[in-house]
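Note that UniProt numbering gives residue 166 to position 166 of the sequence shown, counting from 1, and the numbers run on in steps of one.
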Amino acid sequence: MKNTINYYEKNANSLISRYESADISDLQDFLINTFTKKSQLLEIGCGSGRDAMFMTKHNYNIIGIDGSSNMIEEAKNIHPELLGKLFQKILPNDLQFDREFDGIYSIATLMHLTKTDIKKTILKIYNLLNQNGKFLMSISLFRDDIDKNGFDEKGRFFLVLNFEEWIKICEDSGFKIIETKRNKDGLNRNGIEWLTLVAQK
């Protein structure tokens, strides 16, 4: 995770415009259809602030966290409405709050963790939710741009698990799976397939 965070720290400025321009309209529709308006939501891996801003405009109360302090600063610069709502926290150990949330979502983030840390993180997510709270995550199900150890040419780590493995990790943490969907890549990259999963406490 450290090498991956370092990449985002060093390239935050150039990555922001790329993420802001990605076509994820299908995923954003999925978000607003999953969570009730005015819900208290936590975004894990808020990056450029794109999705946090989208959800804020659609009348949700958002707190966003990211492992990269530079990404958070860039997000605040282009989305000043998010000031006071974005914080640096590194998974899984920093994922602690003194409150519960109605919903938690994570887009293209958890796949940067080891399997052990994913299990720890999803269990923490379960414990941070109100009863009947929902968790939505989007992760890459297949990638052809990584080596046998899971690293791409930029030094970022990606853990690729199959559909059944993601389901099992969520169910082992106590979640009930309520919806799944496979998505095309929002940056139009060939060789990358996504899974969006919704689970409920």
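The C-beta atom is built at its ideal place from N, Cα and C for all residues, glycine as well.
> Between the segment 19-28 and the segment 126-133, are three or more C-beta pairs nearer than 8 Å?
Replying inline: No: fewer than three Cβ pairs fall under 8 Å.
> Taking the alpha carbon of K10 as the point to measure from, which residue in R50, E74, I63, M53 has its own alpha carbon closest?
Replying inline: Mapped onto the sequence shown, residue 10 falls at position 10. Measuring from the Cα of K10, the nearest candidate turns out to be E74.
> Where do the N-terminal and C-terminal ends of the alpha helix (DSSP H) with M1 fall, by residue?
Replying inline: Counting from one through the sequence shown, the residue named residue 1 turns up at place 1. Unbroken run through M1: none, as it is neither H nor E.
>> Quick check: the segment 57-74 against the segment 83-95, are at least 3 beta-carbon pairs closer than 8 Å?
In response: yes
>> Measuring only the C-alpha atoms, how far is E189 from S138?
In response: Sequence index remark: in the sequence shown, residue 189 carries index 189 (1-based). Sequence index remark: in the sequence shown, residue 138 carries index 138 (1-based). The displayed chain sequence assigns Arg, not Glu, to residue 189. One C-alpha to the other measures close to 16 Å.
> Would you call the CB atoms of C170 and I104 closer than 9 Å?
Replying inline: Locating residue 170 in the sequence shown gives position 170, counting from the first residue. Locating residue 104 in the sequence shown gives position 104, counting from the first residue. Cβ atoms of C170 and I104: not closer than 9 Å.
> Quick one: is R156 buried, meaning 16 or more other Cβ sit within 10 Å of its Cβ, or exposed?
Replying inline: If you number the sequence shown from 1, residue 156 lands on position 156. Classification of R156: buried, given that the 10 Å Cβ count is 16 or more.
> Could you give the C-beta distance for L31 and M55, rounded to a whole number, given that I count them as a contact under 8 Å?
Replying inline: Taking the first residue of the sequence shown as 1, we reach residue 31 at position 31. Taking the first residue of the sequence shown as 1, we reach residue 55 at position 55. With 8 Å as the limit, L31 and M55 qualify as a contact, their Cβ atoms being about 6 Å apart.
>> For residue 262, tell me which candidate among F97, F151, F101, L136 has the shortest Cα-Cα distance.
In response: Nothing in the structure corresponds to residue 262, since the chain is present only between 1 and 201.
>> Rounded to the nearest angstrom, what separates N6 and S68 at their Cα positions?
In response: Mapped onto the sequence shown, residue 6 falls at position 6. Mapped onto the sequence shown, residue 68 falls at position 68. Rounded to whole angstroms, N6 to S68 spans 8 Å at the Cα level.
> Based on the DSSP output, what are the partners of T180 in its beta bridges?
Replying inline: Residue mapping note: residue 180 aligns to position 180 of the sequence shown, counting from 1. According to DSSP, which records beta bridges pairwise, T180 is partnered with L197.
> If you check the beta carbons only, do M71 and A12 fall under 9 Å apart?
Replying inline: Sequence index remark: in the sequence shown, residue 71 carries index 71 (1-based). Sequence index remark: in the sequence shown, residue 12 carries index 12 (1-based). For M71 and A12, yes; Cβs fall inside 9 Å.
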